[in-house]
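Numbering (UniProt numbering), first residue to last: 1 to 280. All C-beta atoms in this analysis are idealised placements derived from N, C-alpha and C, irrespective of residue type, glycine included.
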Amino acid sequence: MTLFQQVHAANMLSDDPVVDFHVLPPAPDAPAEVNLQTHGRSPPQQTPPLPRWRRSEPVCPGKRSEAEVSVLFAGPVSRDGCCRLVCEIVKHVLYQRQQMPLPYEQLPFFTRRANEASDRKKYQRALSDLDEVFQNLEAVFGLTVVPRVHILLGGSVVRPKELYEVNMERVALGHREKSLETLSCIRKLFHTLFVEDVLNELRSLPLMNMLLLVEGHRDSGIQWFRPKLNYRVPERCKKLVISLSCSPGSCSPTGEQTNHSDSSDYIWFQAPIIIKGFYA
Numbered sequence: 001m002t003l004f005q006q007v008h009a010a011n012m013l014s015d016d017p018v019v020d021f022h023v024l025p026p027a028p029d030a031p032a033e034v035n036l037q038t039h040g041r042s043p044p045q046q047t048p049p050l051p052r053w054r055r056s057e058p059v060c061p062g063k064r065s066e067a068e069v070s071v072l073f074a075g076p077v078s079r080d081g082c083c084r085l086v087c088e089i090v091k092h093v094l095y096q097r098q099q100m101p102l103p104y105e106q107l108p109f110f111t112r113r114a115n116e117a118s119d120r121k122k123y124q125r126a127l128s129d130l131d132e133v134f135q136n137l138e139a140v141f142g143l144t145v146v147p148r149v150h151i152l153l154g155g156s157v158v159r160p161k162e163l164y165e166v167n168m169e170r171v172a173l174g175h176r177e178k179s180l181e182t183l184s185c186i187r188k189l190f191h192t193l194f195v196e197d198v199l200n201e202l203r204s205l206p207l208m209n210m211l212l213l214v215e216g217h218r219d220s221g222i223q224w225f226r227p228k229l230n231y232r233v234p235e236r237c238k239k240l241v242i243s244l245s246c247s248p249g250s251c252s253p254t255g256e257q258t259n260h261s262d263s264s265d266y267i268w269f270q271a272p273i274i275i276k277g278f279y280a
C-alpha cells in the first residue's frame with residue numbers, strides 16, 4: 001500500500017483527519033510567495049537625492065526655492081576683505097550664470113584682441129560699469145557696516161529671476177593688521193563654492209540685467225548708491241544665500257558688527273548702474 005493510500009485509510013477511520021489533501025505543496029516552478037503588504041507589487045525604488053539647490057520646496061506661485069552655502073573663516077575679516085569677497089562673488093555669478101563670455105580678469109586681454117568693433121565695445125562697457133560699481137562699493141564698506149548684499153539677476157527689483165544674498169551678519173570685523181589675509185579668505189570662499197557646486201546645477205539663462213543692492217546705515221553718508229526704502233526681499237525667485245561667518249572659538253564679534261541688529265537704522269541702497277549681460 002502506498003503512502004497516499006495509508007493516509008487516506010487513516011482519515012476514513014479517524015474523526016480527526018491527519019492531512020487535508022486540499023492543501024498541496026507548491027510545484028517546483030510555482031511563482032514566489034506573494035507579499036501581502038505590497039499586494040504583489042514590487043517595492044518602490046529609492047530615488048537618488050536631489051542636488052542642493054533643488055532640495056528645498058518646489059517652485060510654485062507664492063513659493064521660492066532657497067539654498068544656503070556656509071563659509072566659515074578661522075579669524076576676523078577686515079572691511080576691505082569683506083568688500084573684496086563681495087566683488088569676487090559678483091564676478092563669479094556673472095560668469096557662471098552665462099552673463100559674460102569670459103571671466104572678469106580675462107576681459108581686458110580679449111578687449112584688445114577683439115576683431116569687431118561691436119565686441120570691443122561690449123567688453124569695454126562691461127569693464128567700465130563693473131569697475132565703477134566696485135570702486136563705489138569699496139567706498140560703502142569704508143562708511144558703514146554692510147550686513148547683507150543682494151545680487152539680482154533678471155526681471156526687476158520686485159520680481160527677479162534669481163537672487164544671490166551675501167550674508168555677513170556673523171562676520172567678526174577686525175582691523176586690517178589683526179585680520180585674516182584677504183587672499184586666504186578668497187581661496188576659502190571659492191573652495192566652498194566649488195565643493196558645493198550649486199551654481200552649475202542651475203539651468204542656463206538668457207542674457208539678463210544684474211542689479212546690486214547693499215544694506216547699510218541710513219546716516220552713513222552713502223552718496224553714489226541710492227536709497228531704496230521700499231525694497232523688500234523678493235519671494236518668487238530662486239535664492240542662494242552665501243553665509244559668511246567666523247569661528248566662535250577664534251574671534252569675537254566687534255561692537256559695530258552687533259549694532260546692525262537694530263533694523264530700523266539700516267536700509268537698502270541700490271547701485272544706479274545696471275550690468276547687462278552680453279555674448280562674445
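Any idea what DSSP makes of residue i, helix, strand or coil?
{"i": "Leu163", "result": "strand"}
{"i": "Phe225", "result": "coil"}
{"i": "Ala67", "result": "strand"}
{"i": "Cys60", "result": "Only weak support is given to the placement of Cys60: the predicted model assigns it a pLDDT of 38, under 50, and the value that follows is read from those uncertain coordinates. Note: Cys60 maps to coil in three-state DSSP."}
{"i": "Phe109", "result": "helix"}
{"i": "Gly216", "result": "strand"}
{"i": "Ser128", "result": "helix"}
{"i": "Ser264", "result": "helix"}
{"i": "Phe134", "result": "helix"}
{"i": "Gln270", "result": "strand"}
{"i": "Leu205", "result": "coil"}
{"i": "Leu173", "result": "strand"}
Considering only the alpha carbon of each residue, which of the options lies closest to residue i?
{"i": "Glu68", "options": "Ser78, Glu165 and Ser264", "result": "Glu165"}
{"i": "Leu72", "options": "Arg187, Asp131 and Leu153", "result": "Arg187"}
{"i": "Arg218", "options": "Leu229, Leu212 and Leu211", "result": "Leu229"}
{"i": "Glu66", "options": "Thr144, Lys122 and Lys161", "result": "Lys161"}
{"i": "Gln124", "options": "Met100, Asp80, His191 and Val145", "result": "Met100"}
{"i": "Pro272", "options": "Trp224, Phe110 and Lys121", "result": "Trp224"}
Using a threshold of 9 Å, state whether the C-beta atoms of residue i and residue j are closer than that.
{"i": "Asn167", "j": "Arg148", "result": "yes"}
{"i": "Val171", "j": "Cys246", "result": "yes"}
{"i": "Arg174", "j": "Pro76", "result": "Here the sequence assigns Gly to residue 174, which means Arg is not the residue at that position. Contact: yes."}
{"i": "Trp268", "j": "Glu235", "result": "no"}
{"i": "Arg203", "j": "Gln270", "result": "no"}
{"i": "residue 325", "j": "Ser220", "result": "Lying before the first or after the last residue shown, residue 325 is absent from the chain, which here runs from 1 to 280."}
{"i": "Gly81", "j": "Leu180", "result": "yes"}
{"i": "Ser78", "j": "Thr182", "result": "yes"}
{"i": "Arg97", "j": "Leu163", "result": "no"}
In chain order, what residues of the same chain have a beta carbon less than 6 Å from the beta carbon of residue i, not counting five sequence neighbours either side?
{"i": "Leu207", "result": "Gly277"}
{"i": "Val241", "result": "Glu68, Glu165 and Asn167"}
{"i": "Pro103", "result": "Tyr95"}
{"i": "Ser70", "result": "Ser243"}
{"i": "Pro61", "result": "For Pro61, the predicted model reports a pLDDT of 42, less than 50, meaning its position is unreliable and no value from the coordinates is stated."}
{"i": "Phe134", "result": "Cys87"}
{"i": "Glu169", "result": "Pro147"}
Below 8 Å CB to CB, which residues in the same chain sit around residue i once its five sequence neighbours on both sides are set aside?
{"i": "Asn209", "result": "Leu153, Gly154, Ile274, Ile275, Lys276 and Gly277"}
{"i": "Gly255", "result": "In this predicted model, Gly255 has a pLDDT of only 42, less than 50, meaning its place in the structure is not dependable enough to derive any value."}
For residue i and residue j, which I take to be in contact (beta-carbon distance under 8 Å), what is that distance rounded to the nearest angstrom?
{"i": "Leu127", "j": "Leu107", "result": "5 Å"}
{"i": "Cys83", "j": "Glu132", "result": "Cys83 to Glu132, Cβ: 14 Å. No contact."}
{"i": "Glu88", "j": "Leu199", "result": "Actually they are not in contact, since the Cβ atoms of Glu88 and Leu199 sit about 13 Å apart, beyond 8 Å."}
{"i": "Ile151", "j": "Val195", "result": "Not a contact, Cβ separation roughly 21 Å."}
Taking 7 Å as the limit between beta carbons, can you name the residues of its chain near residue i, skipping five residues before and five after?
{"i": "Cys185", "result": "Phe73, Val77, Gly81 and Leu85"}
{"i": "Leu130", "result": "Tyr104 and Ile275"}
{"i": "Arg176", "result": "Ser78 and Asp80"}
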